[in-house]
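> Residue numbers (the working numbering), protein chains in the order written: chain A, 85 to 518; chain B, 28 to 419. Backbone N, C-alpha and C define an ideal beta-carbon position, used for all residues, glycine too. Take a look at the following structure, please.
Next comes the structure, spelled out in structure tokens:
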């Protein structure tokens, strides 16, 4: 078995700032499978694009935070880096070597560990916790220098680890059921550190814990990092926690990284409109909080099966760039985009509206009246006259059942750069492109 | 201080499980004034959700409210009760005690004057009935209750063969009138659901989490309640959606002047929404007072600890000050007869081995703390030796 010997001789501080993990264009799609019916109907597969082309480096000794809302793909990134999931495309290099080219991942697995979110389900309930901590040592046949009695040394190592994470050796024979969440998470940390890894993925390590216990675990993680010279990928949805522990932060939205910046800069000077909105949304523990005016993001996150074209955030963005020569307010722009999205998804209940109109008046209502009613229902802002007419015309086409013509009619006038071009760069937003 | 609309006195709720008696809520007392938002904050297992359930009388077996009163201001009912029985214990001035009312009266009050929002919108709706119908049903209950307060029966109430046969033969539509359906659509519009008429015909799974939470708020508003109990209304949601929901709740609260009891573990949500706050620990209110009292001059070391362990968004340099140890068990036999926080308290004194009562604390009227430090200054000479509470 090929195995790298642990590099004790290289003073670790020398290599700080070098990339330990490099991720390039990583993609992970989950295909739920194409059913027979789909095939008969000629429909292709429509995978969930959990991670859709992310690139970043994690430097030695730093903590990179990966923050985003649920379903944005942040945990999948962590698991794909560790090869717990195999990537659909893209590459991950560890310490300069692309993982895809390594036949045997044992050396990598020893050096890269993970701490999971839920301490209750990530430890075997039928195994004393001491066993759980010892298991990695046995699997990787530690100690590698071959000196002394292995069983004795492993025993000592386990004792060392459990004391380092703040528990006592008398607790080694107990089962997970006898511990609280915070203690179990400490045991998870001890297990992750057993083989003295360089890199640890922390996947929402404190989300299941109460705030008083969370603070203990965060402080412990910070101490261990400087003591053992660890490199962390810290995945969390909690911006307060992220700010507290991370050096650099990558913000994810719908499978993509929208902004990467040093922690301080991201919090004091957020650039991407999503980052800004995310920071604004978090209620502060502060007496002035009630007076703070929050303008929350509208709507919900779109489906990762069918992400929006161009910039993925454009459906909720408060700063969509209007097309050249069109001078309308952001609010109007938003309203028109909403109508267009609904036309594209064919999500306008024309028949219901027609029936409702028919009930109140004599005879079959004309397309114009249906369109006017639809307009009232769908547009709740005051549009300038030419735009009002244009949208009405579009809705008239909808009332006539000509969805494509309606979509085209509105696209011609209102298509923004945000929907045609995919933004790139450190801040992936067209507002910040030269 | 004005006249409270809700006065909880010495509320005690216990669960009688196979493992033993669990003291989920123990001697909780607080007042809520009309139109204010009263927050209850605490960690998991501190008894805050059970307190909420006890308020609306939804505690289920093996749990039981074993002691205490929930006084609610309802002058007309109080007068009527006193007319029936001049010596009644169920009425006090303009207040009536929800725990002493007879079942029908209580049901009439609970169904119309109290509403509750739960944490998980996905499991709080019936997945096989459209959202519109479920909200309309709440409206219908309220309509019927107004028509005849003594006979509030929901469609789902009761059991037995006859009930089964009638519900299976008579479609649900019969219970809900057309007016109630229209009102449901209006309500969906009020809580900010776009195109409410067509969303009302959809099923819960077609809604996103945030939308469904809005729908649940609409359902809670259906009865035009005086008191809204919101149990962790945004915990299952992402921050951007949480911000939407909190704004909606705040707007509705201002518009309808509802009294709200908001339960959360998130101090940020407390800061954003609440006028006054109670901090729960191990089934008790360890401190209560105005938002300023708690944030500016916390008297109980646990409140200080909570504030110290919350990572601040606007200041990344601060080292967190965690509370040592773990959240205690609420099993009666494992609860020592002392201050429950003493074993984690950085300022535990020998006095703390006697259970402290609630003391008045500095700050606004009504600022109370269940800690000797609210009365006396900390005396390091009296401190318990380190490791005093360590077991083997």
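Between the Cα of residue 102(B) and the Cα atoms of 32(B), 87(B) and 170(B), which residue gives the shortest distance?
Locating residue 102(B) in the second chain gives position 75, counting from the first residue. Nearest option by C-alpha distance: 32(B).
> Within 9 Å of any Cβ in chain A, is that where the Cβ of residue 336(B) sits?
Numbered from its first residue, the second chain carries residue 336(B) at position 309. By this cut-off, residue 336(B) is an interface position.
> Beta-carbon separation of residue 492(A) and residue 412(A) under 9 Å?
The residue labelled residue 492(A) in the question sits at position 408 within the first chain. The residue labelled residue 412(A) in the question sits at position 328 within the first chain. No, these two residues do not count as a Cβ contact at 9 Å.
> To the nearest angstrom, how far is it from the Cα of residue 48(B) to the Cα of residue 415(A)?
Here the question's residue 48(B) lines up with position 21 in the second chain. Here the question's residue 415(A) lines up with position 331 in the first chain. So the alpha carbons of these two residues sit roughly 57 Å apart.
> Who are residue 149(A)'s beta bridge partners in DSSP?
Position 65 of the first chain, counted from the start, is the residue given in the question as residue 149(A). BP columns for residue 149(A) point to 318(A) and 333(A).
> What residue range is occupied by the uninterrupted alpha helix (DSSP H) comprising residue 333(B)?
Translated into positions along the second chain, residue 333(B) becomes position 306. Residues 328-336.
> Suppose contacts are defined by Cβ-Cβ distances below 9 Å. Is residue 169(A) in contact with residue 112(A) by that definition?
Locating residue 169(A) in the first chain gives position 85, counting from the first residue. Locating residue 112(A) in the first chain gives position 28, counting from the first residue. In this structure, residue 112(A) lies closer than 9 Å to residue 169(A) by Cβ.
> Going by C-alpha to C-alpha distance, which of 396(B), 333(B) and 69(B) sits closest to residue 385(B)?
Locating residue 385(B) in the second chain gives position 358, where the first residue counts as 1. When only C-alpha atoms are compared, the closest one is 396(B).
> Can you give me the Cβ contacts of residue 214(B) inside the same chain, cut-off strictly under 7 Å, excluding the 5 residues immediately before and after it?
For the purposes of this step, residue 214(B) is taken as the residue at position 187 of the second chain. Counting only Cβ-Cβ distances below 7 Å, and skipping sequence neighbours, we find 162, 245, 248 and 249.
> Looking at chain B, is there any beta carbon in it that lies within less than 9 Å of the beta carbon of residue 68(A)?
The shown model of chain A, from 85 to 518, leaves out residue 68(A), and the question about it has no answer.
> Under the rule that 16 or more other beta-carbon atoms within 10 Å means buried, what is residue 461(A), buried or exposed?
In the first chain, counting from the first residue as 1, residue 461(A) sits at position 377. Its Cβ being crowded by 16 or more others within 10 Å, residue 461(A) is buried.
> Pairs of beta-carbons, one from the stretch 159-169 of chain A and one from the stretch 193-204 of chain A, closer than 8 Å: are there three or more?
The stretch 159-169 of chain A is in contact with the stretch 193-204 of chain A.
> Who are the near neighbours of residue 262(B) in its chain, counting only those whose CB is closer than 8 Å to its CB and skipping five residues on each side?
Taking the second chain and counting its residues from 1, one reaches residue 262(B) at position 235. Cβ within range, chain order: 146, 291, 292 and 293.
> Could you spell out where the beta strand (DSSP E) holding residue 253(A) opens and where it closes?
As a position in the first chain, residue 253(A) is number 169, starting the count at 1. Here residue 253(A) belongs to no beta strand (DSSP E), and DSSP marks it neither H nor E.
> Please say whether residue 386(A) and residue 338(A) have beta carbons closer to each other than 9 Å?
Reading the first chain from its first residue, position 254 is the one you call residue 338(A). Reading the first chain from its first residue, position 302 is the one you call residue 386(A). In this structure, residue 386(A) lies closer than 9 Å to residue 338(A) by Cβ.
> Identify, in the order they occur along the chain, each residue of the same chain with its Cβ nearer than 7 Å to the Cβ of residue 465(A), setting aside the five sequence neighbours on each side.
Within the first chain, the letter at position 381 stands for residue 465(A). So the qualifying residues of the chain are 415, 416 and 419.
> Got a sec? Which residues, its chain only, sit under 7 Å from residue 175(A) by beta carbon, not counting five neighbours each side?
In the first chain, residue 175(A) corresponds to position 91, counting from 1. The answer, listed in chain order, is 108, 182 and 184.
> Thinking C-beta only, is residue 240(B) closer than 9 Å to residue 365(A)?
For the purposes of this step, residue 365(A) is taken as the residue at position 281 of the first chain. For the purposes of this step, residue 240(B) is taken as the residue at position 213 of the second chain. Against a cut-off of 9 Å, the Cβ pair of residue 240(B) and residue 365(A) comes out as no contact.
> Can you check whether the C-beta of residue 324(A) is within less than 9 Å of a C-beta belonging to chain B?
Position 240 of the first chain, counting from 1, holds the residue named residue 324(A). Chain B, which has a Cβ nearer than 9 Å to the Cβ of residue 324(A), makes this yes.
> Measuring CB to CB, does residue 311(B) end up less than 9 Å from residue 326(B)?
Reading the second chain from its first residue, position 284 is the one you call residue 311(B). Reading the second chain from its first residue, position 299 is the one you call residue 326(B). Contact: no.
> Is residue 359(A) helix, strand or coil by DSSP?
Counting from 1 along the first chain, the entry for residue 359(A) is found at position 275. Residue 359(A): helix per DSSP, three-state reduction.
> Is there a Cβ of chain B sitting closer than 9 Å to that of residue 405(A), yes or no?
On the first chain, position 321 is the one that residue 405(A) refers to. With 9 Å as the cut-off, residue 405(A) does not count as an interface residue toward chain B.
> Report the residue from 208(A), 132(A), 114(A) and 146(A) whose alpha carbon sits nearest the alpha carbon of residue 346(A).
Here residue 346(A) corresponds to residue number 262 of the first chain, with the count starting at 1. The shortest C-alpha separation from residue 346(A) is found at 146(A).
> Under a CB-based cut-off of 9 Å, is residue 115(B) close to chain A?
By 1-based counting over the second chain, the position of residue 115(B) is 88. No, residue 115(B) lies away from the interface with chain A (no Cβ there is under 9 Å from its Cβ).
> With a 10 Å radius around its C-beta and 16 neighbouring C-beta atoms as the bar for buried, classify residue 415(B) as buried or exposed.
Here the question's residue 415(B) lines up with position 388 in the second chain. By the neighbour-count rule (16 or more Cβ atoms within 10 Å), residue 415(B) is not buried but exposed.
> Say whether the stretch 58-70 of chain B touches the stretch 292-309 of chain B, bearing in mind that this needs 3 or more beta-carbon pairs closer than 8 Å, one atom from each stretch.
Yes: the two stretches touch, three or more of their Cβ pairs being nearer than 8 Å.
> For residue 209(A), count neighbouring C-beta atoms within 10 Å of its own C-beta (all shown protein chains included) and say buried if the count is 16 or more, exposed if not.
As a working mapping, residue 209(A) is identified with position 125 in the first chain. The residue in question, residue 209(A), is exposed, as its Cβ has fewer than 16 Cβ neighbours within 10 Å.
> Let me see if you follow: with CB-CB separation under 9 Å, is residue 205(A) close to chain B or not?
Residue numbering aside, residue 205(A) sits at position 121 when the first chain is read from its first letter. So, not an interface residue.
> Leaving out five residues before and five after residue 475(A) in sequence, what residues of the same chain have Cβ atoms less than 8 Å from its Cβ?
Taking the first residue of the first chain as 1, we reach residue 475(A) at position 391. 420, 423, 459, 463, 467 and 494, listed in sequence order.
> Give me the chain B residues within the contact set of residue 29(A), using Cβ-Cβ distance strictly less than 8 Å, ordered along the chain.
Residue 29(A) falls outside the range modelled here, since chain A spans only 85 to 518, and no answer is possible.
> According to DSSP, which residues form a beta bridge with residue 28(A)?
What is shown of chain A runs 85 to 518, which leaves residue 28(A) out entirely.
> Can you give the Cα-Cα distance for residue 200(B) and residue 349(B), rounded to whole angstroms?
The residue given as residue 200(B) occupies position 173 in the second chain. The residue given as residue 349(B) occupies position 322 in the second chain. Note that residue 200(B) scores 48 on pLDDT, short of 50, meaning its location in the model is unreliable; the coordinates nonetheless yield the value given after this. If you take the alpha carbons of residue 200(B) and residue 349(B), they lie about 55 Å apart.
> Taking just the CA atoms, how far does residue 115(B) sit from residue 321(A)?
As a position in the first chain, residue 321(A) is number 237, starting the count at 1. As a position in the second chain, residue 115(B) is number 88, starting the count at 1. Cα to Cα, the separation comes out at about 53 Å.
> What does residue 142(A) pair with, by DSSP beta-bridge criteria?
As a working mapping, residue 142(A) is identified with position 58 in the first chain. 105(A), per the DSSP bridge assignment.
> Taking CB distances under 9 Å as the criterion, tell me whether residue 59(B) reaches chain A.
In the second chain, residue 59(B) corresponds to position 32, counting from 1. No, its Cβ sits nowhere closer than 9 Å to a Cβ of chain A.
> Compile a chain-ordered list of the residues in the stretch 367-384 of chain A whose CB is closer than 7 Å to at least one CB of chain B.
Here the close residues are 367, 368, 369, 370, 371, 373, 374, 378, 380, 381 and 384.
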